[in-house]
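>
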């Protein structure tokens with residue numbers, strides 16, 4: 006992305022996020038794992054839904070496409086989405102499936118979770134005019150992990166690419182979500198063919214490769230496997246973020262110092278929301294990452 010010397014107008018259309026809207030049942034207390042949890046708090050969750058909410062709170066435009074059940078939890082999710090200032094028009098209410106639930110351990114690091122998925126995996130096709138009217142079309146590895154939603158999302162990416170609409174993915178891979186024997190590597194390659202904006206954490210890379218990798222090794226891996234990505238952001242938690250534009254060397258920015266982490270849940274979504282707000286505003290890449298780090302810090306300290 007070129008360095009900009011004069012202000013430019015933001016890309017029209019805003020963010021279109023396609024994927025999971027579900028219930029997060031989060032432990033009230035900080036726990037090492039869910040065996041220690043005694044009380045759960047029910048909140049609206051799902052990475053694309055969180056992303057849209059954070060983009061909206063940051064002043065950007067965002068539309069969510071997701072699927073919930075025709076049940077009490079689904080109705081609660083619709084209410085929360087509306088209260089966040091987001092449209093519920095494209096949230097599908099499916100009568101034959103229950104709203105998906107994820108049980109999450111409240112933690113100061115990457116949280117443990119258990120999935121109970123139903124409606125989200127049965128996402129129906131996305132209207133073409135919604136895709137072609139977006140500035141960027143986003144999804145997650147979580148959303149791609151189950152069919153038939155996988156085919157729905159990949160079809161949306163193909164439509165976006167055919168109309169020169171950039172795509173974005175948070176490759177938040179977890180074997181617990183995909184299953185032990187899976188085709189995640191094939192799906193990742195398919196997504197990379199669309200030259201996405203790629204957000205991936207060091208934990209994600211380690212889970213995807215099956216090996217705990219330091220940042221330098223993860224960068225080398227991404228140099229090979231994710232070379233087609235238009236932009237790559239490798240987030241390393243408190244150790245900051247490595248980022249690059251396709252065909253250019255890696256750059257680095259440190260994380261903002263935080264005296265006390267109140268909650269790490271959703272910090273990655275806050276990071277990518279901050280990034281996309283600036284990216285849709287056609288800001289230079291380092292400025293996008295700087296703002297992303299700021300919004301992540303806001304989330305970690307309970308300000309977002």
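Numbering (our numbering), first residue to last: 6 to 309. For each residue, glycine too, the CB sits at the ideal point set by N, CA and C. No experiment lies behind these values; they were computed from the predicted model shown.
Which one of 124, 109, 61 and 119 has the shortest CA to CA distance from residue 78?
Of the listed residues, the one whose Cα sits closest to residue 78 is 124.
> Do the segment 170-179 and the segment 138-152 make contact, defined as three or more Cβ pairs closer than 8 Å?
As far as the Cβ criterion goes, the segment 170-179 touches the segment 138-152, which means the pair count is three or higher.
> Compute the Euclidean distance between the alpha carbons of residue 33 and residue 41, then round it to the nearest angstrom.
Roughly 11 Å separates the two Cα atoms.
> Is the beta carbon of residue 30 sitting closer than 8 Å to the one on residue 47?
In contact: residue 30 and residue 47 (Cβ atoms closer than 8 Å).
> On a Cα-Cα basis, can you pick out the residue from 116, 267, 112 and 260 that is closest to residue 304?
Taking only the C-alpha atoms, the option nearest residue 304 is 267.
> Can you check DSSP and say which residues form a bridge with residue 111?
Bridge partners of residue 111: 35.
> Given a threshold of 16 other Cβ atoms within 10 Å of its Cβ, counted over all protein chains shown, does residue 264 qualify as buried or as exposed?
It counts as exposed.
> For the pair the segment 120-135 and the segment 282-297, tell me if three or more CB-CB distances fall below 8 Å.
Counting Cβ pairs under 8 Å, fewer than three are found: no touch.
> Look up residue 224 in the DSSP assignment and say whether it is helix, strand or coil.
DSSP places residue 224 in helix when its eight states are reduced to three.
> Measuring CB to CB, does residue 19 end up less than 8 Å from residue 67?
A contact, by the Cβ cut-off of 8 Å.
> What does the alpha-carbon distance come out to for the pair residue 121 and residue 194?
Their backbone Cα atoms lie some 27 Å apart in a straight line.
> Can you tell me where the beta strand (DSSP E) with residue 250 in it begins and where it stops?
Element bounds for residue 250: 246-250.
> Where does the unbroken alpha helix (DSSP H) through residue 84 begin, and where does it stop?
Where residue 84 is concerned, the enclosing alpha helix (DSSP H) stretches over 77-88.
> Identify, in the order they occur along the chain, each residue of the same chain with its Cβ nearer than 8 Å to the Cβ of residue 136, setting aside the five sequence neighbours on each side.
Cβ neighbours of residue 136 beyond the five flanking positions: 21, 142, 161, 164, 165, 168 and 170.
> Which stretch, first to last residue, makes up the beta strand (DSSP E) that contains residue 68?
Counting along the chain, the beta strand (DSSP E) containing residue 68 begins and ends at 67-74.
> Am I right that residue 203 and residue 237 are in contact with their C-beta atoms under 8 Å? What's the rounded C-beta distance?
Their Cβ separation, rounded to whole angstroms, is 5 Å, which keeps residue 203 and residue 237 in contact under 8 Å.
> Tell me the rounded alpha-carbon separation between residue 241 and residue 257.
For residue 241 and residue 257, the distance between alpha carbons rounds to 11 Å.
> Excluding five sequence neighbours on each side, which residues of the same chain lie with their C-beta closer than 7 Å to the C-beta of residue 209?
Cβ neighbours of residue 209 beyond the five flanking positions: 176, 177 and 178.
> Taking only three categories from DSSP, how would you classify residue 208?
Residue 208: helix per DSSP, three-state reduction.
> Between 84, 110 and 104, which has its C-alpha nearest residue 38's C-alpha?
The option with the nearest alpha carbon to residue 38 is 110.
> Using 10 angstroms around the beta-carbon of residue 300, count the other beta-carbons present and answer buried if the total reaches 16, otherwise exposed.
By the 10 Å Cβ count, residue 300 comes out buried.
> Let's test the definition: count the other Cβ atoms within 10 Å of the Cβ of residue 273 and tell me whether it reaches 16, buried, or not, exposed.
The residue is buried, with at least 16 neighbouring Cβ atoms inside 10 Å.
> Helix, strand or coil, according to DSSP, for residue 125 in the structure here?
Residue state, collapsed to three classes: helix.
> Which residue from 108, 101, 103 and 183 puts its Cα closest to that of residue 50?
It is 108.
> Out of curiosity, what's the CA-to-CA distance linking residue 116 and residue 94?
Cα to Cα, residue 116 sits roughly 31 Å from residue 94.
> So which of 201, 207 and 152 has the shortest CA-CA distance to residue 182?
That would be 152, whose Cα lies nearest to the Cα of residue 182.
> Considering only DSSP beta bridges, list what residue 257 is partnered with.
247.
> For my contact list, residue 197 and residue 231 are in at a C-beta cut-off of 8 Å; report their separation, rounded to the angstrom.
6 Å between Cβ atoms; contact.
> Quick check on residue 241: does DSSP put it in helix, strand or coil?
Three-state result, residue 241: coil.
> For residue 76, which of 62, 216 and 27 has the nearest alpha-carbon?
Residue 27 is the option with its Cα nearest to residue 76.
> Consider the Cβ of residue 70: report whether some Cβ of chain C lies at a distance smaller than 8 Å.
Note that chain C does not occur in the displayed structure, where there is just one protein chain.
> Suppose contacts are defined by Cβ-Cβ distances below 8 Å. Is residue 260 in contact with residue 243 by that definition?
Yes, the pair counts as a contact, with Cβ atoms nearer than the cut-off.
> Please report the residue range of the beta strand (DSSP E) in which residue 175 lies.
172-175 is the extent of the beta strand (DSSP E) around residue 175.
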